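Residue numbers (our numbering): 2 to 269. Note that beta-carbon positions come from the ideal geometry of N, C-alpha and C, so glycine has one too. Values in this document were obtained by computation on a predicted structure and should not be read as measured data. Below is one structure, written out as structure tokens, with a few remarks after it.
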């Protein structure tokens, strides 16, 4: 038997919130602590390949020659702008609305633009956090996943949904050659598997004992008949005895009008 690992290390990139999955892990595997490892936006693959984490909640792309990945969800893309910007009056912004705007493109960009909209900045900010500072200074606007806009929230900034643009894809990733029971357990959690259907070490036998299966079959059969509708053997009712002790079909003791009398003959 393999020794129980002392912990399970889960990497996550900025903007991703693993709270709900961490809670389920604690309920199912209380003896194996889940350790969260915060990594920069571009550092997810490195943490997994190097073994610094057992699995990670990261954004595509990842190195598919080494890593496996399960898509989890796509993030809404928004444009971050100053609160007094003219685009703040709209509920949703189109790419054409950015034609005359300087659109910042940080080096840790997660959207993978083929053609960045708007006007290019003089230089690319090193990080998304640096780009947010430039937006606050009125240098330009920034397109990011909504989770990053919330992460870097400032009172003087707001954001609007940006339509018809690339979206960031969040995945669960791990080294393919290190698909352990604990990795399988976490895969089951993020996919919503129950404890009994999990493939990890916490899985329970699925088959019921034969006695329980027979009992369930009997209950199912009994449920098809409504209460009060069970069939019982029918018996013909007995005919009541004649009053006064009369025999069936015969005359009474005092005789009928057509009955013969017995006794001594009258004298003439």
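* residue 9 (DSSP reduced to helix, strand or coil) -> strand
* Asked: Under 7 angstroms, do residue 81 and residue 94 count as touching if we go by C-beta distance?
  -> no
* **DSSP state of residue 190 mapped onto helix, strand, coil** => helix
* Asked: Alpha carbon to alpha carbon, what distance is there between residue 99 and residue 86?
  -> Their backbone Cα atoms lie some 12 angstroms apart in a straight line.
* **Closest by C-alpha distance to residue 144, when choosing among 156, 110 and 43** => 110
* Going by C-alpha distance, which of 62, 185 and 151 is nearest residue 15? -> 151
* Asked: With C-beta atoms as the reference, is residue 118 less than 7 angstroms away from residue 96?
  -> Contact: yes.
* Asked: Just the Cα atoms here: how many angstroms apart are residue 61 and residue 165?
  -> 19 angstroms
* Chain-order list of residues whose beta-carbon lies under 7 angstroms from that of residue 184 (same chain, five-residue window excluded) -> 55, 56 and 175
* **the segment 119-129 contacting the segment 99-108, beta-carbon criterion three pairs below 8 angstroms** => yes
* To do: Using alpha carbons as the reference points, say which of 20, 188 and 22 lies closest to residue 72.
  => 188
* **Sequence ranges, alpha helix (DSSP H) only - wholly within the segment 48-74, length at least 4** => none
* Whether residue 84 touches residue 162 by CB criterion (7 angstroms) -> no
* Asked: To the nearest whole angstrom, what separates the beta carbons of residue 38 and residue 48, a pair I think is in contact under 8 angstroms?
  -> 6 angstroms between Cβ atoms; contact.
* Asked: Are there 16 or more other CB atoms within 10 angstroms of the CB of residue 90, so buried, or fewer, so exposed?
  -> exposed
* To do: Count the other CB atoms, across all protein chains shown, that sit within 10 Å of the CB of residue 65; report buried if there are 16 or more and exposed otherwise.
  => exposed
* Asked: Along the chain, where does the beta strand (DSSP E) that runs through residue 175 open and close?
  -> 170-176
* Go ahead and pull the three-state DSSP assignment for residue 103. => Three-state result, residue 103: strand.
* Could you name the residues of the same chain whose beta carbon sits closer than 6 angstroms to that of residue 206, not counting the 5 residues immediately before and after it, in chain order? => Because residue 206 carries a pLDDT of 47, less than 50, the predicted location of this residue cannot be relied on, and no value is offered for it.
* Asked: Just to confirm, are residue 168 and residue 46 a CB contact at a threshold of 7 angstroms?
  -> no
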